[in-house]
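Q:
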Amino acid sequence: MAEIATVEMKQIRKEFPATLANDNVDFTAYKGEIHALLGENGAGKSTLMNILTGVLRPDGGEILINGARVSMKSPGDALALGIGMIYQHFKLVKPFTVAENIVLGMEQVKILKTQALEQQVKALSEEYKIDINPASAIWQLSIGEQQRVEILKVLYRKANILILDEPTAVLTPDEVRELFGTLRNMAAMGCTIIFITHKMNEVMEFADRITVLRDGRLVKALKKEETTEQELAQLMVGREISMGRRNTENTTRNEAILRVKGLTVLNDKKLKAVNDLSFDLYAGEILGIAGVSGNGQKELMEALAGLRPTVSGYLEVRGEDISRSSPRERISRGVAFIPEDRYGFALIKTMTVAENASLKCYRKPEFCRRGVLNYRKLEQQAGRFIEEFEIKVGGPKSLVQSMSGGNAQKLILARETAENPSVILASYPVRGLDIKATESIHKILVQEKSRGAGVLLVSEDLDEIFQLSDRVAVMYEGTFMGILPVGEVGLEQIGMAMAGAARLGGEA
13 MAEIATVEMK QIRKEFPATL ANDNVDFTAY KGEIHALLGE NGAGKSTLMN ILTGVLRPDG
73 GEILINGARV SMKSPGDALA LGIGMIYQHF KLVKPFTVAE NIVLGMEQVK ILKTQALEQQ
133 VKALSEEYKI DINPASAIWQ LSIGEQQRVE ILKVLYRKAN ILILDEPTAV LTPDEVRELF
193 GTLRNMAAMG CTIIFITHKM NEVMEFADRI TVLRDGRLVK ALKKEETTEQ ELAQLMVGRE
253 ISMGRRNTEN TTRNEAILRV KGLTVLNDKK LKAVNDLSFD LYAGEILGIA GVSGNGQKEL
313 MEALAGLRPT VSGYLEVRGE DISRSSPRER ISRGVAFIPE DRYGFALIKT MTVAENASLK
373 CYRKPEFCRR GVLNYRKLEQ QAGRFIEEFE IKVGGPKSLV QSMSGGNAQK LILARETAEN
433 PSVILASYPV RGLDIKATES IHKILVQEKS RGAGVLLVSE DLDEIFQLSD RVAVMYEGTF
493 MGILPVGEVG LEQIGMAMAG AARLGGEA
């Protein structure tokens with residue numbers, strides 16, 4: 013039986029000031045398939061999908077839906093053609109029920125009674141085998157369940173071409189399997205599924221076909237069985253990338269470089285975010301903390317860095333009590349912090365690279381005399397950072413706001429590791445970065461571990477956790493569900509612990 017092309021984008025061109033986002037790109041997706049769209053940040057994926065959903069209008073090329081040429085001026089036009097987009101950040105009203113959220117904004121359903129509306133949603137969810145209670149309030153649902161609501165929203169509007177942007181970014185492994193089980197059911201019923209992702213294992217496990225973009229151009233479109241993870245990575249970046257486990261050095265557990273005992277920390281709502289937590293971090297190891305975001309990771313890292321007060325607990329670095337030390341004192345004792353919000357906590361966008369590079373050292377005599385900064389020295393230091401860490405920027409005098417996310421993160425790492433810290437607190441260090449920048453950041457963290465630093469790595473990406481870590485902890489509701497060497501724990505165990513269903517076992 014011949015394949016039926018539901019989406020055909022031919023020679024799509026889109027220009028922005030000083031940027032050619034899509035350079036005569038071809039893209040084809042077929043009925044009943046799951047299609048992965050791969051590419052680095054800036055490759056043109058989002059632009060292409062924004063054109064397909066009517067958010068942007070192309071400067072050239074044509075679009076065919078089910079064989080008919082179309083012109084879309086708005087997302088409403090796209091939805092009328094059966095094209096729906098599910099964004100990474102959900103657009104749900106938390107006090108409303110599932111059913112109310114699904115029909116929100118649809119004029120024709122205003123007169124429906126609640127019971128009839130819930131029956132409609134229940135029938136739709138059963139048709140596509142999506143397990144959800146239409147009467148539940150959104151705030152009662154897990155992240156995975158909220159994503160199902162977003163899927164039902166577009167299905168209710170008769171969409172049969174679904175586009176998902178990084179759909180697994182905040183899901184547990186079990187929720188990922190459930191999501192793709194749902195998508196597979198939808199594809200079997202004739203829907204076309206397009207998902208944007210950077211996770212190679214998901215592409216190889218779940219996609220039928222793959223399109224790779226690089227620098228705004230189509231590199232290759234191919235079936236999954238025709239390729240490998242290694243080839244896909246090479247297609248994305250234009251050179252060979254080292255895939256798989258990079259951190260293979262044995263770690264001798266001879267010194268607890270950071271000790272945490274009975275730590276309790278409140279969140280911004282004055283509720284317990286970290287609850288009586290105890291663990292050790294050893295010199296020359298990377299301890300990876302897995303878990304769904306919002307289980308106390310942010311509060312833990314801020315408390316360790318001295319940026320958030322603690323209710324109780326004892327903290328020690330290299331045998332010195334830092335429980336009541338200020339952030340500046342912790343820095344002087346060898347604690348470095350790479351926060352999850354790089355622009356909110358780590359960098360000042362309107363300042364230069366040289367100024368940002370000096371935020372931890374500007375008080376030193378070599379950079380400051382009698383309250384006057386020596387900008388020549390600051391720029392020399394920034395120049396060394398730029399060269400050593402291969403930071404792509406105009407120079408030390410360039411503003412940070414002109415830098416890409418990957419280069420901004422390299423600048424943070426250059427500054428934080430300049431004094432050879434004993435402890436590195438790394439929160440989501442590659443979040444939002446492309447594969448080349450990710451490779452660079454991972455290399456730096458492994459080098460620091462090899463030097464003898466202890467690295468505490470928080471990440472939602474289990475590939476990153478398994479690739480870099482010597483030991484793995486899972487954080488759930490403010491505590492660790494156990495700690496194990498990375499070679500002794502499997503994906504299923506991690507998933508159960510992330511959901512709070514079982515402990516990892518072993519050491520605590």
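For the sequence shown, the working numbering gives the first residue as 13, with consecutive numbering after it.
Ideal placement from N, C-alpha and C gives every residue a C-beta, glycine not left out.
Would you decide whether Asp292 is buried or exposed? Buried here means 16 or more other CB atoms lie within 10 Å of its CB.
A: Label assigned to Asp292: buried.
Q: Given the structure, does Thr109 come close to the ligand MN, in the sense that its CB is under 7 Å from one of the ligand's heavy atoms?
A: Of ligands this structure carries none, so the ligand MN is not represented either.
Q: Report the rounded CA-to-CA distance for Ala302 versus Glu400, giving the unit in angstroms.
A: C-alpha separation (whole angstroms): 30 Å.
Q: Residue range of the beta strand (DSSP E) that Val272 falls in?
A: Unbroken beta strand (DSSP E) run through Val272: Ala268 to Leu278.
Q: Is the Cβ-Cβ distance between Met212 and Glu241 less than 8 Å?
A: Contact: yes.
Q: Pull the bridge partners of Val133 from the DSSP assignment, please.
A: None, per the DSSP bridge assignment.
Q: Quick test of your reading: Asn287 and Gly490, contact by CB under 8 Å. State the CB separation rounded to the nearest angstrom.
A: Confirmed, Cβ separation roughly 4 Å.
Q: With DSSP run on the structure shown, which of helix, strand or coil describes Asn36?
A: In this structure, Asn36 counts as strand in the three-state DSSP scheme.
Q: Please determine, among Ala233, Leu64, Ala111 and Val110, the residue with the shortest C-alpha to C-alpha distance to Asp89.
A: Out of Ala233, Leu64, Ala111 and Val110, Leu64 has the C-alpha closest to the C-alpha of Asp89.
Q: Just verifying my parser: in three-state terms, what is the DSSP assignment at Asp523?
A: The structure shown does not extend to residue 523, since the chain is modelled only from 13 to 520, so the question has no answer here.
Q: How big is the Cα-Cα spacing for Ala6 and Met487?
A: Limits of the chain in this structure are 13 at one end and 520 at the other, which puts residue 6 out of reach.
Q: Around the Cβ of Phe192, are there at least 16 other Cβ atoms within 10 angstroms (buried) or fewer (exposed)?
A: Per the 10 Å Cβ criterion, buried.
Q: To the nearest angstrom, how far is it from the Cα of Arg257 to the Cα of Leu480?
A: With a pLDDT of only 49 at Arg257, under 50, the local geometry of the prediction cannot be trusted, and no value is derived from it.
Q: At the level of alpha carbons, what is the spacing between Gln23 and Glu243?
A: Their Cα atoms are separated by approximately 25 Å.
Q: Looking at the unbroken alpha helix (DSSP H) that takes in Thr450, where does it start and where does it end?
A: Ile447 to Arg463 is the span of the alpha helix (DSSP H), which, as asked, contains Thr450.
Q: Identify, in the order they occur along the chain, each residue of the same chain with its Cβ nearer than 6 Å to the Cβ of Ala181, setting aside the five sequence neighbours on each side.
A: Result list for Ala181: Gln100, in chain order.
Q: By Cβ distance, which residues of its chain are closer than 6 Å to Gly300, with the 5 residues on each side in sequence left out?
A: Correct list, in chain order: Leu469, Ile477, Ser481 and Val484.
Q: Determine the closest residue to Asp143 out of Gln132, Ala200, Glu157 and Ile150, with distance taken between C-alpha atoms.
A: The residue with the shortest Cα to Cα distance from Asp143 is Glu157.
Q: Among the residues of its own chain, which have a CB less than 6 Å from the CB of Pro107, if the five just before and after it don't count?
A: Around Pro107: no qualifying Cβ.
Q: Whose CA, out of Met201, Gly464 and Phe397, lies closest to the CA of Arg330?
A: The shortest Cα separation from Arg330 among Met201, Gly464 and Phe397 belongs to Gly464.
Q: Taking the C-alpha atoms as reference points, what is the distance between Glu267 and Glu328?
A: So the two alpha carbons sit approximately 12 Å from each other.
Q: Per DSSP, which residues does Lys22 bridge with? Please list them.
A: DSSP output for Lys22 lists Glu74 as bridge partner(s).
Q: Can the beta-carbon of Lys310 be found closer than 8 Å to that of Glu352?
A: In contact: Lys310 and Glu352 (Cβ atoms closer than 8 Å).
Q: Quick check on the DSSP output: the alpha helix (DSSP H) that includes Tyr57 runs from which residue to which?
A: It is Lys, not Tyr, that sits at residue 57 in the sequence shown. It spans Lys57 to Leu64 - the alpha helix (DSSP H) in which Lys57 sits, taken as one unbroken run.
Q: For Arg388, which of helix, strand or coil comes out of DSSP?
A: In the structure shown, Arg388 sits in a helix (DSSP, three-state: H, G or I).
Q: Give me the Cα-Cα distance between Asn36 and Thr209, rounded to the nearest whole angstrom.
A: Rounded to whole angstroms, Asn36 to Thr209 spans 22 Å at the Cα level.
Q: Going by C-alpha distance, which of Lys273, Asn145, Glu431 and Glu20 is nearest Glu74?
A: The shortest Cα separation from Glu74 among Lys273, Asn145, Glu431 and Glu20 belongs to Glu20.
Q: Looking at C-alpha atoms only, which residue of Glu451, Gln392 and Leu275 is the closest neighbour of Ser324?
A: The shortest C-alpha separation from Ser324 is found at Leu275.
Q: For Ser344 and Thr429, what's the separation of their Cα atoms in angstroms?
A: One C-alpha to the other measures close to 13 Å.
Q: On a CA-only basis, which of Thr59, Val166 and Ser335 is nearest Arg69? Give me that one, please.
A: For Arg69, the nearest C-alpha among the options comes from Thr59.
Q: In this structure, does DSSP put Phe379 in helix, strand or coil?
A: Of the three classes helix, strand and coil, the one that applies to Phe379 here is coil, per DSSP.
Q: For Phe349 and Gly66, what's the separation of their Cα atoms in angstroms?
A: Taking the straight line from one Cα to the other gives about 41 Å.
Q: Sort out for me which residues DSSP pairs Glu399 with in a bridge.
A: DSSP lists no partner for Glu399.
Q: Between Asp397 and the rest of its own chain, which residues show a CB-CB distance below 6 Å, the 5 nearest in sequence each way excluded?
A: The identity of residue 397 in the sequence shown is Phe, whereas the question assumes Asp. Contacts found: Ala369 and Ala426.
Q: Can you tell me where the beta strand (DSSP E) holding Val231 begins and where it ends?
A: Here the beta strand (DSSP E) through Val231 covers Arg229 to Lys235.
Q: If Gly406 and Ser414 are in contact, beta carbons under 8 Å, what's the gap, nearest whole angstrom?
A: With 8 Å as the limit, Gly406 and Ser414 qualify as a contact, their Cβ atoms being about 7 Å apart.
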